[in-house]
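In this note's numbering, the protein residues as written are 4 to 102. Notes to accompany the following structure.
See the structure below:
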């Protein structure tokens, strides 16, 4: 899935964690991985949900990925002992087509 991210042309490659949860990585136009924002929380989730690691930039990252047509909306924020603070988002239909 091609997107404009951080001012550059990028590709998002979707895949699955071992338990079937959705993950994605963002690659620059040269194919170099520049960001792996997702985390597997260890609990099976619906395929339309994705969990982002909370960092200082997570809210701005979430907004940028919403503007790029990847994320539809933020559903919740949670803190898990083994994963730390996380934000759960719903994927857009366009993003789900790439699963």
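Heads up, the beta-carbon is just placed ideally off N, CA and C, and yes, glycines get one too.
Handout entry: Backbone CA spacing between residue 95 and residue 87 [nearest angstrom]
Key = 25 Å
Exercise for the section: Out of 45, 34, 52, 92, point me to the one whose CA is closest to residue 84's CA. Expected result: 45
Handout entry: residue 42 beta carbon less than 9 Å from that of residue 89
Key = yes
Exercise for the section: Could you tell me which uninterrupted alpha helix (DSSP H) segments, each at least 4 residues in length, are contained entirely in the segment 71-100, listed from first to last along the chain? Expected result: 96-99
Problem - Counted within 10 angstroms of its Cβ, other Cβ atoms place residue 33 as buried (16 or more) or exposed - result: Under this definition residue 33 is an exposed residue.
Exercise for the section: Pick helix, strand or coil for residue 63, following the three-state DSSP scheme. Expected result: helix
Exercise for the section: Given a cut-off of 9 Å, decide if residue 8 and residue 101 are closer than it, judged by their beta-carbon atoms. Expected result: no
Exercise for the section: Determine, using beta carbons only, whether residue 14 and residue 4 come nearer to each other than 9 Å. Expected result: yes
Handout entry: Proximity winner among 69, 49, 79, 71, relative to residue 20 (alpha-carbon distances)
Key = 49
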